[in-house]
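Asker:
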Amino acid sequence: MSATLLAGAILASGVMIALAMACATLRLLRGPRAQDRVLALDALYVNGMLLLLVFGIRSGTTLYFEAALVIALLGFVATAALAKFLMRGEVIE
Amino acid sequence: MTPLEQLPAWAAVPAALLLLAGAAMTLLGSIGLLRLGGFYERVHAPTLGTSAGIACVLLASMLVFSVLQSRPVLHELLVGLAVIVTTPVTLMLLARAALYRDRQEADATVPARQPDAPAAGPPAAPLAAPLAAPSAGPGKEPPAGDAASAAP
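Now the structure itself:
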């Protein structure tokens, strides 16, 4: 009974996070200016990381957790570099 | 789905509620990202997912793995720490870059640069103009700005 409840909750969470990723992708494609696209990319990778964590709970392994950790660290570097590019026109000066 | 069936009900019900709450928060934040009007309003919306969404999903994950392995599993705190520390930094950088770009285009909707707040503000523009005029090269301006700010 409780396992069925948890399985349903995991499925519903996956669907909701996938819808959130669809919203972020729509803003990424539509966004009027470059900073909107960078913001949508930031939200997209955070949502993808959450989806990986939900998959990790479902499968019971910690492999997904490590992928989520890598996404969290590399996504910070990517967004910071893109923001610096928007500010200065180059990443490394 | 076999490991989840060993989970007792007192752990499965809070984990399910935490997962649903976190996913709902993330969905609300992304809908806000899609629906809000301008960039400076939109930049607030995804933080709902990076604070409450991440916290709820990580708490659910810690609860499930701690009960399944019958020992405290705390390595999810690493992801939470990384996201909570880096999100304000990236969004501040992004908002400042957007403000700079809007001011460069003389957008009337953003406030202008305060003339009295930084002392380095007004001399920066006359300093940059003569430096750019002799066409010394593209990489000339930032070191000169750093030297000028470091000298006094």
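Same order as they appear, the protein sequences are chains A and B. For what it's worth, my numbering labels the leading residue of the first sequence as 1, then goes sequentially. For what it's worth, my numbering labels the leading residue of the second sequence as 94, then goes sequentially. The C-beta atom is built at its ideal place from N, Cα and C for all residues, glycine as well. Computed from a predicted structure; not experimentally measured.
1) Is L1 (chain A) helix, strand or coil by DSSP?
2) Measure the CB-CB distance between V91 (chain A) and A83 (chain A) and report whether it falls below 8 Å.
3) If you measure from the beta carbon of S2 (chain A) to each beta carbon in chain B, is any gap under 8 Å?
4) Of the choices A:L69, A:A24, A:R88 and A:A20, whose alpha-carbon is the least far from that of L174 (chain B)?
5) In its own chain, which residues sit with a C-beta less than 6 Å from the C-beta of A191 (chain B), not counting the 5 before and 5 after it?
6) Less than 7 Å between C-beta atoms, sequence neighbours within five positions excluded: which residues of the same chain meet that for Q35 (chain A)?
7) If you drop the 5 nearest sequence neighbours on each side, which residues of the same chain put their C-beta closer than 7 Å to that of P96 (chain B)?
8) Please report the residue range of the alpha helix (DSSP H) in which G56 (chain A) lies.
9) Which of helix, strand or coil does DSSP assign to L73 (chain A)?
10) With 8 Å set as the bound, which would you pick, yes or no: does the beta-carbon of G56 (chain A) sit closer than that to a beta-carbon of chain B?
11) With DSSP collapsed to three states, give me the class of R206 (chain B).
12) Could you pull out every residue in the same chain whose Cβ sits closer than 6 Å to the Cβ of P223 (chain B), ignoring the five residues on either side in sequence?
13) Run the CB neighbour count on G8 (chain A), radius 10 Å, all protein chains shown included, and call it buried at 16 or more, exposed below.
14) Quick one: which chain A residues come within Cβ less than 9 Å of L124 (chain B)?
15) Using only the alpha-carbon positions, how far apart do R189 (chain B) and A22 (chain A) sit?
16) Chain B partners of I92 (chain A), CB-CB under 8 Å?
17) Let's see if you can read the secondary structure: which residues bound the alpha helix (DSSP H) around G125 (chain B)?
18) Where does P96 (chain B) sit, in a helix, a strand or coil, going by DSSP?
19) To the nearest angstrom, report how far apart A108 (chain B) and V54 (chain A) are at their CA atoms.
20) Using only the alpha-carbon positions, how far apart do F65 (chain A) and E169 (chain B) sit?
21) So L184 (chain B) and V136 (chain B) are in contact, right, with Cβ under 8 Å, and what is the actual spacing, rounded?
22) Since I believe S13 (chain A) is in contact with L112 (chain B) (beta carbons under 8 Å), could you give me their beta-carbon distance rounded to a whole number of angstroms?
23) Give me the Cβ distance between A20 (chain A) and S144 (chain B), rounded to the nearest whole Å; I'm assuming they're in contact under 8 Å.
24) Which bits of chain A does I177 (chain B) rub up against, with CB to CB less than 9 Å?
25) Looking at the secondary structure, which residues open and close the alpha helix (DSSP H) in which A67 (chain B) lies?
Answerer: According to the structure shown:
1) On the first sequence, residue 1 (chain A) is found 1 positions in, with the first residue counted as 1. Looking at the sequence itself, residue 1 (chain A) is Met, so the reference to Leu does not match. Coil.
2) Start at 1 with the first residue of the first sequence, and residue 91 (chain A) comes out as number 91. Start at 1 with the first residue of the first sequence, and residue 83 (chain A) comes out as number 83. At the C-beta level, V91 (chain A) and A83 (chain A) stay beyond 8 Å of one another.
3) Reading the first sequence from its first residue, position 2 is the one you call residue 2 (chain A). Cβ-Cβ to chain B under 8 Å: yes for S2 (chain A).
4) For the purposes of this step, residue 174 (chain B) is taken as residue 81 along the second sequence, with counting starting at 1. Nearest option by C-alpha distance: A:L69.
5) Position 98 of the second sequence, counted from the first residue, corresponds to residue 191 (chain B). Contacts found: F132.
6) In the first sequence, residue 35 (chain A) corresponds to position 35, counting from 1. Contacts found: L86.
7) Here residue 96 (chain B) refers to the residue found at position 3 of the second sequence. Around P96 (chain B): L161.
8) For this step, residue 56 (chain A) is matched to residue 56 along the first sequence. Start and end: A34 to S59.
9) As a first step, residue 73 (chain A) is located in the first sequence; it is residue number 73 there, counting from the start. L73 (chain A) falls in the helix class under three-state DSSP.
10) Against the first sequence, residue 56 (chain A) aligns to sequence position 56. With 8 Å as the cut-off, G56 (chain A) counts as an interface residue toward chain B.
11) For the purposes of this step, residue 206 (chain B) is identified with residue 113 of the second sequence, where counting begins at 1. Assigned with DSSP and collapsed to three states, R206 (chain B) falls in coil, not helix or strand.
12) Walking along the second sequence from the start, residue 223 (chain B) turns up at place 130. At P223 (chain B) the pLDDT is 47, less than 50, meaning the model places this residue with poor confidence and gives no usable figure here.
13) Against the first sequence, residue 8 (chain A) aligns to sequence position 8. It counts as exposed.
14) Working through the second sequence from its first residue, we reach residue 124 (chain B) at position 31. A quick correction: the sequence has Ile, not Leu, at residue 124 (chain B). Chain-ordered, the chain A residues with CB closer than 9 Å to the CB of I124 (chain B) read L19, A20 and C23.
15) The residue labelled residue 189 (chain B) in the question sits at position 96 within the second sequence. The residue labelled residue 22 (chain A) in the question sits at position 22 within the first sequence. R189 (chain B) and A22 (chain A): Cα-Cα distance of roughly 27 Å.
16) Residue 92 (chain A) sits at position 92 when you count from the first residue of the first sequence. Result: empty, since nearest Cβ-Cβ is about 11 Å, beyond 8 Å.
17) Position 32 of the second sequence holds residue 125 (chain B). Its alpha helix (DSSP H) spans residues A102 to R128.
18) Residue numbering aside, residue 96 (chain B) sits at position 3 when the second sequence is read from its first letter. Residue state, collapsed to three classes: helix.
19) Reading the second sequence from its first residue, position 15 is the one you call residue 108 (chain B). Reading the first sequence from its first residue, position 54 is the one you call residue 54 (chain A). Rounded to whole angstroms, the separation of the alpha carbons of V54 (chain A) and A108 (chain B) is 11 Å.
20) Position 65 of the first sequence, counting from 1, holds the residue named residue 65 (chain A). Position 76 of the second sequence, counting from 1, holds the residue named residue 169 (chain B). For F65 (chain A) and E169 (chain B), the distance between alpha carbons rounds to 7 Å.
21) If you number the second sequence from 1, residue 184 (chain B) lands on position 91. If you number the second sequence from 1, residue 136 (chain B) lands on position 43. About 6 Å separates the beta carbon of L184 (chain B) from that of V136 (chain B), a gap short enough to meet the 8 Å contact definition.
22) On the second sequence, position 19 is the one that residue 112 (chain B) refers to. On the first sequence, position 13 is the one that residue 13 (chain A) refers to. Their Cβ separation, rounded to whole angstroms, is 4 Å, which keeps L112 (chain B) and S13 (chain A) in contact under 8 Å.
23) Working through the first sequence from its first residue, we reach residue 20 (chain A) at position 20. Working through the second sequence from its first residue, we reach residue 144 (chain B) at position 51. Contact flag wrong, Cβ pair sits at about 14 Å.
24) As a position in the second sequence, residue 177 (chain B) is number 84, starting the count at 1. Under the 9 Å cutoff, chain A gives no residues; its nearest Cβ is about 10 Å from I177 (chain B).
25) Beyond the ends of chain B as shown, which are 94 and 245, falls residue 67 (chain B); an answer cannot be given.
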